[in-house]
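Protein chains in written order, with our numbering: chain F, 1 to 112; chain G, 1 to 174.
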């Protein structure tokens, strides 16, 4: 899994690509979110447009990131779900838990 | 759970520990068995092998993905929760492909899964838990799931019907 982040109008956009699975992307994602929070960046938009595979550990990591950010008074939203990730979040009923966006500019504005 | 050594009989073959070598049997009924270490590499190998065998069995792309994800989740359970990464414990992975079904069996040598203690991940009190979705996903993706825990380990059998679920399954074929 490859991950990078950029700042747009006070929102940290985390671009993820590849797999979020046990032993592959889960730890990377966790470390990235923790690092952003440690810098006081509490508006986080996870861009999953290039994430082509996620397993139960990856789903757990998304939930963990969501609750961790929320518990620190921030917000974490999801952007550009692939069909596979979308379907998994539907099956697990997490689609309605997360704030899911499909337009980056609108997503950034929604934080303010 | 003891994994008996098997020879090249009745379509069975036993590979060395940790090796994933595939063999295609020129038979109507194809069967292959692997004995694997309790490592993360096993989880990835199990998923990749399931993807290949499901594709060879003629399943469509979406079904191949479902099968490979179910096998990955079962392998995670076996390696992490069953054998707890114990290098002295192995995971057995069997594939049996017939004209009707693909049957995949994953067995570990752990303490045995207590099925009654598997939480419902869709329950409101569990929806934000960070774990506990593996068995649920397996059941969502496969037509039949049979879990056989014992004091020698847990064996989980995953079945995908070649032409969609049969009567009595989650959905009836048209």
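For each residue, glycine too, the CB sits at the ideal point set by N, CA and C. All values derive from a computational prediction rather than experimental measurement.
Contacts of residue i in chain G (Cβ-Cβ under 7 Å)
| i | result |
| --- | --- |
| residue 23(F) | 40 |
| residue 67(F) | 128 |
Under 9 Å from the C-beta of residue i: neighbouring residues of chain F
| i | result |
| --- | --- |
| residue 67(G) | Those do not exist, as residue 67(G) stays about 14 Å from chain F at its closest Cβ, beyond 9 Å. |
| residue 137(G) | 55, 56, 59, 88, 91 and 92 |
Beta-carbon proximity check, residue i vs residue j, cutoff 7 Å
| i | j | result |
| --- | --- | --- |
| residue 30(F) | residue 1(F) | no |
| residue 109(F) | residue 75(F) | no |
| residue 155(G) | residue 148(G) | yes |
| residue 103(F) | residue 77(F) | no |
| residue 71(F) | residue 49(F) | no |
| residue 33(F) | residue 54(F) | no |
| residue 103(G) | residue 159(G) | yes |
| residue 52(F) | residue 13(F) | no |
| residue 140(G) | residue 91(F) | yes |
| residue 153(G) | residue 107(G) | yes |
| residue 55(G) | residue 75(G) | no |
| residue 94(G) | residue 33(G) | yes |
| residue 61(F) | residue 4(F) | no |
| residue 80(G) | residue 23(F) | no |
| residue 97(F) | residue 45(F) | no |
| residue 69(F) | residue 130(G) | no |
| residue 134(G) | residue 73(G) | yes |
| residue 151(G) | residue 112(G) | yes |
Neighbour flag for residue i against chain F, beta carbons, 7 Å
| i | result |
| --- | --- |
| residue 171(G) | With a pLDDT of only 42 at residue 171(G), under 50, the local geometry of the prediction cannot be trusted, and no value is derived from it. |
| residue 20(G) | For residue 20(G), the pLDDT reaches just 45, beneath the cut-off of 50, and the residue's location in the model is therefore unreliable, leaving the point undetermined. |
| residue 140(G) | yes |
| residue 147(G) | no |
| residue 76(G) | yes |
| residue 176(G) | With chain G running from 1 to 174 in the structure shown, residue 176(G) is simply not present. |
| residue 116(G) | no |
| residue 133(G) | yes |
Chain-ordered chain G contacts of residue i [CB-CB under 9 Å]
| i | result |
| --- | --- |
| residue 97(F) | 127 and 128 |
CB contact check: residue i to chain G, cutoff 7 Å
| i | result |
| --- | --- |
| residue 119(F) | As shown, chain F starts at 1 and ends at 112. That puts residue 119(F) outside it, with no answer to give. |
| residue 91(F) | yes |
| residue 76(F) | no |
Partners in chain F for residue i, counting only beta-carbon separations shorter than 8 Å
| i | result |
| --- | --- |
| residue 122(G) | 92 and 93 |
Chain G contact residues for residue i, given Cβ-Cβ distances below 8 Å
| i | result |
| --- | --- |
| residue 84(F) | 65 |
Chain G contacts from the segment 41 to 62 of chain F (Cβ-Cβ distance under 8 Å): 55, 56, 57, 59, 60 and 61
Selection of the segment 28 to 40 of chain F by Cβ proximity to chain G, strictly under 8 Å: For the segment 28 to 40 of chain F, the set of residues with a beta-carbon nearer than 8 Å to any beta-carbon of chain G is empty.
Within the segment 119 to 168 of chain G, ranges of the alpha helix (DSSP H) (whole runs, at least 4 residues): 134 to 141
Contact list for the segment 42 to 63 of chain G against chain F, Cβ threshold 7 Å: 43
Continuous beta strand (DSSP E) assignments of at least 3 residues falling wholly in the segment 69 to 99 of chain G: 90 to 97
Residue ranges of each beta strand (DSSP E) within the segment 31 to 80 of chain F, 3 or longer: 43 to 54 and 75 to 79
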